[in-house]
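Notes to accompany the following structure.
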Amino acid sequence: MDEYSKKVMALFKNPKNMGEVKNADGAGEAGNPVCGDVMRITIKVKDGRLADIKFKTMGCVAAIASSSMITELAKGKTIQEAMDITNMDVAKELGGLPNIKMHCSKLAADALRLAINDYQKRKKR
Ligand code: FES
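Okay, so the sequence shown: first residue is 1 according to our numbering, each after it adds one.
Set out below in structure tokens:
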């Protein structure tokens, strides 16, 4: 496919969970040097679950829709379940992404994983 799905456009116009979690337990940032897009995800963990998750994205339509979708998929999940969310899951839930926009969903999956890694590192300290 080479066009954006309705879901992508809807989330781009009305993204969910935008912003920054207050007193976050973990933060992750992922960027793509080719397109220059950057994504930041912050999480709050309670009883082993992602109690809150928000994103800040400077990027394309697909990057914003992917960020919004991954926060929706991850919210309320256990750490392990959230870790297992792949960019393919994100793309599927978005009703597909154009091939050249698949990396945008990967940015979202990477930022989430980095935020969880950060949380785990902080917990060990
Ligand atoms: Fe690079 Fe969308 S074009 S994240």
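No residue lacks a Cβ here, since even glycine has one placed at the ideal position from N, Cα and C.
* Taking only the alpha-carbon atoms, compute the straight-line gap between Leu112 and Lys13 and give it to the nearest angstrom. => Working through the sequence shown from its first residue, we reach residue 112 at position 112. Working through the sequence shown from its first residue, we reach residue 13 at position 13. The straight-line gap from Cα to Cα measures roughly 22 angstroms.
* Cβ shell of Met58 (< 6 angstroms), same chain only, five flanking positions each side left out -> Locating residue 58 in the sequence shown gives position 58, where the first residue counts as 1. Excluding residues within five positions, the ones whose Cβ falls inside 6 angstroms are Val38.
* Straight-line gap, Ala10 to Asp52 (C-alpha atoms, nearest Å) -> Stepping through the sequence shown from its first residue, residue 10 is reached at position 10. Stepping through the sequence shown from its first residue, residue 52 is reached at position 52. Answer to the nearest angstrom: the Cα atoms are 22 angstroms apart.
* **C-beta contact flag for Val95 and Lys7 at 8 angstroms** => For the purposes of this step, residue 95 is taken as the residue at position 95 of the sequence shown. For the purposes of this step, residue 7 is taken as the residue at position 7 of the sequence shown. It should be pointed out that residue 95 corresponds to Gly in this sequence rather than to Val. Yes, these two residues count as a Cβ contact at 8 angstroms.
* Whole beta strand (DSSP E) elements within the region 51–87, 3-residue minimum -> none
* **Asn87: CB within 7 angstroms of a non-hydrogen atom of the ligand FES** => As a working note, residue 87 is residue 87 in the sequence shown. No; taking the cut-off as 7 angstroms, the Cβ of Asn87 has no heavy atom of the ligand FES nearer than that.
* Work out the CA separation of Thr86 and Lys56 for me, nearest whole Å. => Working through the sequence shown from its first residue, we reach residue 56 at position 56. Working through the sequence shown from its first residue, we reach residue 86 at position 86. Rounded to whole angstroms, Lys56 to Thr86 spans 19 angstroms at the Cα level.
* Proximity test, Asp32 beta-carbon vs the ligand FES heavy atom, cut-off 7 angstroms -> Taking the sequence shown and counting its residues from 1, the one referred to as residue 32 is at position 32. Checking the sequence, you will find Asn at residue 32 rather than Asp. Indeed, a heavy atom of the ligand FES lies less than 7 angstroms from the Cβ.
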